[in-house]
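This report refers to the structure that appears directly beneath it.
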Amino acid sequence: MIKRKTLTLSLLLAYMVGLPSISVANPEKTDQLRIKTSAPKRSIETSFSSMVSWQKQGINFNKANGLAFIKGTDNKKPMTAVDVAKKVAGALSAAIKTEAPSDRGASVEINKNEDELLIFNKASFAIDRITTRDYTNQSLSYNIPGKSFANASVDISINLVYTAEVEYIRDFSSDIKLETAGGTVTISIGTDAPIVVQTKGKSTQQLEVEIAKALGSKGTFSSSPLYPNFTENRSKNYKAFDGGEVQLLGLNAKSITIDINDSGLGVITKFRFPNTLKTETSSDNNILPIFGFLIVAGLGYFFYSRKKTV
1340 MIKRKTLTLS LLLAYMVGLP SISVANPEKT DQLRIKTSAP KRSIETSFSS MVSWQKQGIN
1400 FNKANGLAFI KGTDNKKPMT AVDVAKKVAG ALSAAIKTEA PSDRGASVEI NKNEDELLIF
1460 NKASFAIDRI TTRDYTNQSL SYNIPGKSFA NASVDISINL VYTAEVEYIR DFSSDIKLET
1520 AGGTVTISIG TDAPIVVQTK GKSTQQLEVE IAKALGSKGT FSSSPLYPNF TENRSKNYKA
1580 FDGGEVQLLG LNAKSITIDI NDSGLGVITK FRFPNTLKTE TSSDNNILPI FGFLIVAGLG
1640 YFFYSRKKTV
(Lines of atoms letter the chains of each structure in order from A and count residues from 1; the text may use other names and numbers.)
(Lines give C-alpha, C1' and ligand atoms only; values in the text may rest on other atoms or scores of the structure.)
Protein backbone atom coordinates (compact mmCIF):
# COMPACT_ATOMS: atom_id res chain seq x y z
CA MET A 1 0.00 0.00 0.00
CA ILE A 2 2.92 2.36 0.63
CA LYS A 3 4.04 1.88 -2.96
CA ARG A 4 0.54 2.65 -4.24
CA LYS A 5 0.29 5.75 -2.10
CA THR A 6 3.73 6.90 -3.20
CA LEU A 7 2.81 6.31 -6.85
CA THR A 8 -0.41 8.26 -6.48
CA LEU A 9 1.29 11.22 -4.80
CA SER A 10 3.99 11.18 -7.46
CA LEU A 11 1.39 11.26 -10.22
CA LEU A 12 -0.45 14.11 -8.55
CA LEU A 13 2.74 16.09 -8.05
CA ALA A 14 3.92 15.50 -11.61
CA TYR A 15 0.60 16.54 -13.02
CA MET A 16 0.38 19.67 -10.93
CA VAL A 17 3.87 20.65 -12.10
CA GLY A 18 2.81 20.00 -15.68
CA LEU A 19 -0.24 22.25 -15.50
CA PRO A 20 -0.01 25.39 -17.60
CA SER A 21 1.18 28.51 -15.88
CA ILE A 22 -2.36 29.91 -15.63
CA SER A 23 -2.20 29.65 -11.85
CA VAL A 24 0.83 31.96 -11.68
CA ALA A 25 -0.13 35.60 -11.16
CA ASN A 26 1.13 38.07 -13.73
CA PRO A 27 2.62 41.05 -11.86
CA GLU A 28 1.26 44.50 -12.61
CA LYS A 29 2.93 46.32 -15.52
CA THR A 30 4.42 43.15 -16.99
CA ASP A 31 2.73 44.12 -20.27
CA GLN A 32 3.05 47.81 -21.11
CA LEU A 33 2.86 50.26 -23.99
CA ARG A 34 3.67 53.95 -23.72
CA ILE A 35 2.14 56.30 -26.30
CA LYS A 36 3.55 59.78 -26.82
CA THR A 37 1.06 62.10 -28.50
CA SER A 38 1.43 65.39 -30.38
CA ALA A 39 -0.74 68.23 -31.68
CA PRO A 40 -3.05 67.18 -34.55
CA LYS A 41 -2.36 68.57 -38.01
CA ARG A 42 -5.88 68.17 -39.42
CA SER A 43 -7.94 71.36 -39.64
CA ILE A 44 -11.28 69.69 -38.81
CA GLU A 45 -12.38 67.63 -35.81
CA THR A 46 -11.27 64.03 -36.26
CA SER A 47 -11.15 60.87 -34.20
CA PHE A 48 -8.63 58.77 -32.33
CA SER A 49 -9.44 55.45 -30.70
CA SER A 50 -7.47 52.94 -28.71
CA MET A 51 -8.45 49.34 -28.05
CA VAL A 52 -6.94 47.05 -25.42
CA SER A 53 -7.78 43.40 -24.81
CA TRP A 54 -6.77 41.32 -21.83
CA GLN A 55 -7.32 37.97 -20.17
CA LYS A 56 -6.86 36.31 -16.83
CA GLN A 57 -5.28 32.87 -16.47
CA GLY A 58 -5.73 32.15 -20.17
CA ILE A 59 -9.50 32.70 -20.00
CA ASN A 60 -12.01 35.51 -19.26
CA PHE A 61 -11.15 37.46 -22.38
CA ASN A 62 -12.16 41.14 -22.29
CA LYS A 63 -11.70 44.12 -24.60
CA ALA A 64 -12.42 47.83 -24.40
CA ASN A 65 -12.32 50.56 -27.01
CA GLY A 66 -12.03 54.24 -26.13
CA LEU A 67 -13.13 56.67 -28.84
CA ALA A 68 -12.07 60.32 -28.58
CA PHE A 69 -12.89 63.24 -30.86
CA ILE A 70 -9.96 65.59 -31.36
CA LYS A 71 -10.39 69.27 -32.25
CA GLY A 72 -8.61 70.47 -35.36
CA THR A 73 -6.34 73.43 -35.99
CA ASP A 74 -9.26 75.60 -37.18
CA ASN A 75 -10.93 75.34 -33.77
CA LYS A 76 -10.88 78.41 -31.53
CA LYS A 77 -8.96 76.32 -29.00
CA PRO A 78 -6.82 73.81 -30.93
CA MET A 79 -5.74 70.84 -28.83
CA THR A 80 -2.17 70.55 -27.63
CA ALA A 81 -0.24 67.30 -27.33
CA VAL A 82 -1.05 67.22 -23.60
CA ASP A 83 -4.76 67.77 -24.33
CA VAL A 84 -4.73 64.86 -26.77
CA ALA A 85 -3.01 62.54 -24.27
CA LYS A 86 -5.54 63.39 -21.55
CA LYS A 87 -8.53 62.87 -23.82
CA VAL A 88 -7.25 59.57 -25.23
CA ALA A 89 -6.43 58.25 -21.76
CA GLY A 90 -9.80 59.36 -20.38
CA ALA A 91 -11.72 57.69 -23.21
CA LEU A 92 -9.93 54.38 -22.82
CA SER A 93 -10.16 54.41 -19.03
CA ALA A 94 -13.92 55.04 -19.21
CA ALA A 95 -14.33 52.22 -21.76
CA ILE A 96 -12.47 49.75 -19.52
CA LYS A 97 -14.72 50.62 -16.56
CA THR A 98 -17.85 50.30 -18.69
CA GLU A 99 -16.94 47.08 -20.51
CA ALA A 100 -15.51 45.20 -17.51
CA PRO A 101 -16.68 46.84 -14.25
CA SER A 102 -15.69 43.81 -12.13
CA ASP A 103 -12.81 42.51 -14.23
CA ARG A 104 -10.63 45.51 -15.01
CA GLY A 105 -7.46 43.78 -16.11
CA ALA A 106 -6.02 46.75 -17.99
CA SER A 107 -5.43 50.31 -16.88
CA VAL A 108 -4.28 53.68 -18.23
CA GLU A 109 -1.85 55.98 -16.46
CA ILE A 110 -1.03 59.59 -17.29
CA ASN A 111 1.09 62.17 -15.52
CA LYS A 112 -0.28 65.68 -15.29
CA ASN A 113 0.95 68.06 -17.97
CA GLU A 114 2.75 65.32 -19.94
CA ASP A 115 2.02 64.38 -23.54
CA GLU A 116 2.10 60.62 -23.02
CA LEU A 117 0.01 57.83 -21.56
CA LEU A 118 0.84 54.32 -20.38
CA ILE A 119 -1.42 51.30 -20.97
CA PHE A 120 -0.60 48.33 -18.74
CA ASN A 121 -1.95 45.14 -17.20
CA LYS A 122 -3.25 44.89 -13.65
CA ALA A 123 -1.88 42.17 -11.35
CA SER A 124 -2.87 38.59 -12.36
CA PHE A 125 -4.08 39.78 -15.78
CA ALA A 126 -2.25 39.81 -19.12
CA ILE A 127 -2.65 42.11 -22.10
CA ASP A 128 -3.19 40.45 -25.48
CA ARG A 129 -3.50 43.29 -27.97
CA ILE A 130 -3.44 47.06 -28.22
CA THR A 131 -4.73 48.84 -31.32
CA THR A 132 -4.73 52.56 -32.07
CA ARG A 133 -6.68 54.17 -34.92
CA ASP A 134 -5.57 57.70 -35.69
CA TYR A 135 -7.19 60.08 -38.17
CA THR A 136 -5.80 63.30 -36.66
CA ASN A 137 -2.51 63.33 -38.59
CA GLN A 138 -0.52 63.67 -35.39
CA SER A 139 2.92 62.22 -34.82
CA LEU A 140 2.64 59.20 -32.52
CA SER A 141 5.57 57.55 -30.79
CA TYR A 142 5.36 54.14 -29.11
CA ASN A 143 7.73 52.37 -26.71
CA ILE A 144 7.83 49.76 -23.98
CA PRO A 145 9.45 51.08 -20.78
CA GLY A 146 12.87 49.55 -20.25
CA LYS A 147 12.65 47.09 -23.15
CA SER A 148 12.91 46.81 -26.89
CA PHE A 149 9.91 45.39 -28.74
CA ALA A 150 11.96 42.25 -29.43
CA ASN A 151 12.82 41.77 -25.76
CA ALA A 152 9.17 42.17 -24.83
CA SER A 153 8.12 39.78 -27.65
CA VAL A 154 5.71 42.42 -28.97
CA ASP A 155 5.00 42.45 -32.73
CA ILE A 156 3.78 45.52 -34.59
CA SER A 157 1.78 46.24 -37.73
CA ILE A 158 1.05 49.49 -39.58
CA ASN A 159 -2.06 49.71 -41.75
CA LEU A 160 -2.62 52.90 -43.75
CA VAL A 161 -6.31 53.65 -44.39
CA TYR A 162 -8.36 56.33 -46.10
CA THR A 163 -9.92 58.91 -43.77
CA ALA A 164 -12.96 59.16 -46.07
CA GLU A 165 -14.00 55.68 -44.97
CA VAL A 166 -14.68 56.89 -41.41
CA GLU A 167 -15.51 60.57 -41.91
CA TYR A 168 -18.65 59.97 -43.95
CA ILE A 169 -21.73 57.98 -43.09
CA ARG A 170 -22.38 55.22 -45.58
CA ASP A 171 -25.45 55.67 -47.82
CA PHE A 172 -25.83 59.31 -46.77
CA SER A 173 -22.93 60.69 -48.78
CA SER A 174 -22.11 60.24 -52.44
CA ASP A 175 -18.99 60.55 -54.55
CA ILE A 176 -16.67 59.66 -51.68
CA LYS A 177 -13.14 59.60 -53.02
CA LEU A 178 -10.81 57.06 -51.48
CA GLU A 179 -7.52 58.72 -52.24
CA THR A 180 -4.57 60.49 -50.70
CA ALA A 181 -4.51 64.27 -50.54
CA GLY A 182 -0.77 64.53 -51.07
CA GLY A 183 1.84 64.72 -48.35
CA THR A 184 4.16 62.37 -46.54
CA VAL A 185 4.31 59.37 -44.23
CA THR A 186 7.36 59.31 -41.98
CA ILE A 187 8.45 56.24 -40.00
CA SER A 188 11.24 56.56 -37.42
CA ILE A 189 12.63 53.46 -35.71
CA GLY A 190 14.84 53.97 -32.68
CA THR A 191 17.79 56.19 -33.56
CA ASP A 192 17.77 55.24 -37.26
CA ALA A 193 17.30 57.92 -39.90
CA PRO A 194 13.57 58.50 -40.62
CA ILE A 195 11.98 56.88 -43.65
CA VAL A 196 9.93 59.44 -45.60
CA VAL A 197 7.47 58.34 -48.29
CA GLN A 198 5.61 60.71 -50.61
CA THR A 199 1.88 59.91 -50.78
CA LYS A 200 0.48 61.84 -53.76
CA GLY A 201 -1.20 59.65 -56.37
CA LYS A 202 -0.52 56.40 -54.50
CA SER A 203 -2.93 53.88 -52.98
CA THR A 204 -2.61 52.77 -49.36
CA GLN A 205 -1.31 49.40 -50.51
CA GLN A 206 1.31 50.97 -52.77
CA LEU A 207 2.47 53.09 -49.83
CA GLU A 208 2.64 50.06 -47.53
CA VAL A 209 4.70 48.11 -50.06
CA GLU A 210 7.04 51.08 -50.45
CA ILE A 211 7.41 51.48 -46.67
CA ALA A 212 8.12 47.78 -46.21
CA LYS A 213 10.78 47.91 -48.92
CA ALA A 214 12.40 50.96 -47.30
CA LEU A 215 12.44 49.20 -43.91
CA GLY A 216 14.49 46.36 -45.35
CA SER A 217 14.84 43.42 -42.95
CA LYS A 218 12.89 45.25 -40.24
CA GLY A 219 9.53 45.06 -41.98
CA THR A 220 7.51 43.14 -44.54
CA PHE A 221 4.28 43.73 -46.44
CA SER A 222 1.60 41.20 -45.49
CA SER A 223 -1.79 40.46 -47.03
CA SER A 224 -2.85 38.80 -43.75
CA PRO A 225 -3.47 40.84 -40.59
CA LEU A 226 -1.29 40.56 -37.51
CA TYR A 227 -4.56 39.79 -35.78
CA PRO A 228 -8.19 40.34 -36.92
CA ASN A 229 -9.52 43.89 -36.75
CA PHE A 230 -12.05 44.57 -34.05
CA THR A 231 -15.19 45.79 -35.84
CA GLU A 232 -18.69 46.82 -34.82
CA ASN A 233 -21.52 47.68 -37.18
CA ARG A 234 -22.83 50.51 -35.02
CA SER A 235 -19.71 52.62 -35.28
CA LYS A 236 -18.04 54.04 -38.36
CA ASN A 237 -14.75 54.27 -36.46
CA TYR A 238 -14.11 50.53 -36.69
CA LYS A 239 -12.75 49.25 -39.95
CA ALA A 240 -12.42 45.80 -41.46
CA PHE A 241 -8.99 44.69 -42.68
CA ASP A 242 -8.35 46.16 -46.14
CA GLY A 243 -6.00 43.48 -47.44
CA GLY A 244 -2.56 44.82 -46.59
CA GLU A 245 -0.32 46.11 -43.81
CA VAL A 246 3.33 46.51 -42.90
CA GLN A 247 4.43 44.06 -40.22
CA LEU A 248 7.44 44.49 -37.95
CA LEU A 249 8.01 41.19 -36.16
CA GLY A 250 10.66 40.96 -33.45
CA LEU A 251 11.68 44.59 -33.95
CA ASN A 252 14.99 45.17 -32.18
CA ALA A 253 14.32 48.80 -31.33
CA LYS A 254 13.12 50.70 -28.28
CA SER A 255 10.70 53.02 -30.08
CA ILE A 256 8.77 53.59 -33.27
CA THR A 257 7.26 56.88 -34.42
CA ILE A 258 4.60 57.17 -37.11
CA ASP A 259 3.90 60.62 -38.52
CA ILE A 260 1.11 60.97 -41.09
CA ASN A 261 0.99 64.30 -42.90
CA ASP A 262 -1.77 63.71 -45.44
CA SER A 263 -5.40 64.64 -44.72
CA GLY A 264 -6.58 61.75 -46.89
CA LEU A 265 -4.86 59.15 -44.72
CA GLY A 266 -5.22 57.64 -41.28
CA VAL A 267 -3.31 54.80 -39.66
CA ILE A 268 -4.21 51.70 -37.67
CA THR A 269 -1.30 50.50 -35.55
CA LYS A 270 -1.42 47.13 -33.82
CA PHE A 271 0.68 45.66 -31.02
CA ARG A 272 0.48 41.91 -30.42
CA PHE A 273 1.72 40.81 -27.00
CA PRO A 274 3.07 37.28 -26.36
CA ASN A 275 -0.13 36.34 -24.52
CA THR A 276 -2.19 36.61 -27.71
CA LEU A 277 -1.19 33.26 -29.16
CA LYS A 278 -1.62 31.60 -25.75
CA THR A 279 -5.16 32.94 -25.54
CA GLU A 280 -6.03 31.86 -29.08
CA THR A 281 -4.91 28.29 -28.43
CA SER A 282 -5.85 27.91 -24.78
CA SER A 283 -9.63 27.61 -25.27
CA ASP A 284 -9.25 24.18 -26.89
CA ASN A 285 -6.49 23.06 -24.53
CA ASN A 286 -7.80 24.24 -21.16
CA ILE A 287 -10.27 21.36 -20.86
CA LEU A 288 -7.55 18.72 -21.28
CA PRO A 289 -5.54 19.64 -18.13
CA ILE A 290 -8.74 19.90 -16.12
CA PHE A 291 -9.99 16.52 -17.34
CA GLY A 292 -6.62 14.94 -16.66
CA PHE A 293 -6.49 16.40 -13.17
CA LEU A 294 -9.89 14.92 -12.37
CA ILE A 295 -8.69 11.48 -13.49
CA VAL A 296 -5.56 11.66 -11.36
CA ALA A 297 -7.55 12.94 -8.37
CA GLY A 298 -10.00 10.07 -8.81
CA LEU A 299 -7.17 7.53 -8.85
CA GLY A 300 -5.77 9.10 -5.70
CA TYR A 301 -9.11 8.82 -3.95
CA PHE A 302 -9.49 5.21 -5.13
CA PHE A 303 -6.11 4.13 -3.77
CA TYR A 304 -6.71 6.03 -0.51
CA SER A 305 -10.11 4.42 0.00
CA ARG A 306 -8.72 0.99 -0.81
CA LYS A 307 -5.97 1.43 1.79
CA LYS A 308 -8.54 2.22 4.49
CA THR A 309 -10.54 -0.94 3.74
CA VAL A 310 -7.54 -3.25 3.71
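The numbering of the sequence shown is this note's numbering, which starts it at 1340 and goes up by one.
Glycine included, every Cβ here is placed at the ideal spot set by N, Cα and C.
- By the CB criterion at 7 Å, Pro-1417 and Gln-1477 fall outside the cutoff.
- Counted as a single uninterrupted DSSP element, the alpha helix (DSSP H) harbouring Asp-1422 occupies residues 1420-1438.
- Beta-bridge pairing by DSSP links Ser-1441 to no other residue.
- The beta-carbon separation of Asp-1473 and Ala-1424, rounded to 13 Å, does not stay under the 8 Å limit for a contact.
- Fewer than three Cβ pairs drawn from the segment 1464-1473 and the segment 1515-1534 lie within less than 8 Å of each other, which leaves the two stretches out of contact.
- Under the Cβ criterion (8 Å, minimum of three pairs), the segment 1402-1416 counts as touching the segment 1381-1388.
- Taking C-beta separations shorter than 7 Å and ignoring five residues to either side along the sequence, the partners of Ala-1428 in its chain run Val-1447, Ile-1449 and Leu-1456, following chain order.
- Using a 10 angstroms sphere on the CB of Pro-1564, the tally of other CB atoms reaches 16 or more, which defines it as buried.
- Here DSSP, grouped into helix, strand and coil, assigns Gly-1605 to strand.
- Contact annotation: Ala-1433 and Trp-1393 have beta-carbon atoms that are not nearer than 7 Å.
- Runs of the beta strand (DSSP E) lying entirely within the segment 1483-1538 and spanning at least 3 residues, in chain order: 1494-1501, 1523-1528 and 1534-1537.
- Gly-1405 has Ser-1389 as its beta-bridge partners, per DSSP.
- Around the beta-carbon of Ala-1430, 16 or more other beta-carbon atoms lie within 10 Å, marking it buried.
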